[in-house]
Amino acid sequence: MPAPMLRSLVALTAVCTVLTGCAAFGPADAPAPGSPTRAELEQLLGRVRVVPDRPHPGGYQRGCKDGQACVFGESWTDASDAPGGRDGCDTRNNVLAAQLTAVRFRPGTRNCVVVAGSLDDPYTGTHITFDKADARAVQIDHVFPLAAAWDLGAATWPQPLRVRFANDVTVNLVATAGAANQAKSDGTPGEWLPPATSGHCFYAGKYLAVATDYDLPLTAADSAALRDIAEKCP
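Numbered per our numbering, the sequence shown spans residues 12 to 245.
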């Protein structure tokens with residue numbers, strides 16, 4: 012079994028241990044809502060650069076404590092020029108408000124702090140009831156991982172562009188099950204795919220959109236994985 016598929020199955024098993032109503036998914040599943048067509052994915056694939064391997068320039072430090080480089084800025088900062096930036100609400104809550112349904116906000120936060128809602132998770136194909144008391148059950152994924160972006164070009168970007176990238180609600184951020192997000196870590200398509208087959212076209216579209224918007228290349232392995240997905244999309 013290919014490594015990406017094995018990791019995806021492990022992630023789905025982990026998700027199913029903490030969620031109810033988890034169903035089995037197979038190649039016949041309809042693509043998740045918002046998924047692009049095969050033609051759209053092929054168009055994006057034709058626009059993106061491909062490099063043989065992921066370089067490792069060094070210097071990546073996500074942390075922002077004293078002595079740390081904080082290369083993508085404070086986590087979920089509102090102080091960026093990304094969509095939704097400087098609106099008085101942090102990025103994580105902006106994503107939850109945009110991607111959950113039946114959203115409830117904490118009173119007195121001007122519809123900022125999300126305390127409850129429902130998520131139809133595109134990565135796992137499951138329905139998750141979000142409650143802030145168990146906030147880690149729903150996490151925010153950087154579709155194009157920050158560490159991978161650093162290695163593939165962001166190391167040379169000015170800091171404001173890196174901060175925008177890390178907080179780009181419209182392109183690079185997806186709410187998903189915490190277990191799936193943890194399983195992905197900083198994996199790219201050649202290493203990790205969503206646990207549910209129904210989420211593959213969605214994920215491929217998001218990944219390629221980020222790559223084209225920010226002029227980040229694909230590795231040869233990532234390109235091959237995304238082309239394989241595209242061939243199976245309607």
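The beta-carbon is built from N, C-alpha and C at its ideal position, and this holds for glycine as well.
Item	Value
For residue 213, which residues in the same chain have their Cβ closer than 7 Å to its Cβ, ignoring the five residues on either side in sequence?	42, 43, 45, 46 and 133
Please report the Cβ distance between residue 56 and residue 237, rounded to the nearest whole angstrom; I am assuming they are in contact, meaning their Cβ atoms lie under 8 Å.	6 Å
How would you label residue 5, buried or exposed, when you count the other beta carbons within 10 angstroms and need 16 or more for buried?	Since the first residue shown for the chain is 12 and the last is 245, residue 5 is missing from the structure and cannot be characterised.
Pull up the distance between the alpha-carbon of residue 97 and that of residue 103, whole angstroms please.	13 Å
Please say whether residue 231 and residue 199 have beta carbons closer to each other than 9 Å?	no
For the beta strand (DSSP E) containing residue 138, name the first residue and the last one.	138 to 142
Pick helix, strand or coil for residue 131, following the three-state DSSP scheme.	strand
List the endpoints of the continuous beta strand (DSSP E) containing residue 152.	149 to 153
Give the secondary structure of residue 166 by DSSP, where H, G and I count as helix, E and B as strand, and everything else as coil.	helix
Which same chain residues end up closer than 7 Å to residue 195 when comparing Cβ atoms and leaving out the 5 residues on each side of it in sequence?	152 and 203
By DSSP, does residue 113 sit in helix, in strand, or in coil?	strand
So, under 8 Å CB-CB, residue 161 and residue 82 are touching, yes? Tell me the CB distance rounded to an integer number of Å.	7 Å
How big is the Cα-Cα spacing for residue 66 and residue 52?	25 Å
Taking 8 Å as the threshold, find out whether the stretch 134 to 145 comes into contact with the stretch 183 to 194 through three or more Cβ pairs.	yes
Just the Cα atoms here: how many angstroms apart are residue 49 and residue 211?	12 Å
The ligand COA heavy atoms versus the CB of residue 213: any closer than 8 Å?	In the structure shown, the ligand COA is absent, as is every other ligand, since no ligand is present at all.
Our contact map puts residue 130 next to residue 149 with C-beta atoms below 8 Å; I'd like the distance itself, whole angstroms only.	6 Å
Would you report the Cα separation of residue 248 and residue 235, rounded to the nearest angstrom?	Limits of the chain in this structure are 12 at one end and 245 at the other, which puts residue 248 out of reach.
Mind reading off the beta-carbon distance from residue 180 to residue 106? Whole number of angstroms is fine, and I expect it under 8 Å.	6 Å
Residue range of the beta strand (DSSP E) that residue 187 falls in?	184 to 188
Just to confirm before moving on: does the CB-CB distance between residue 177 and residue 225 stay below 9 Å?	no
Per DSSP, residue 125 forms a beta bridge with which residues?	116
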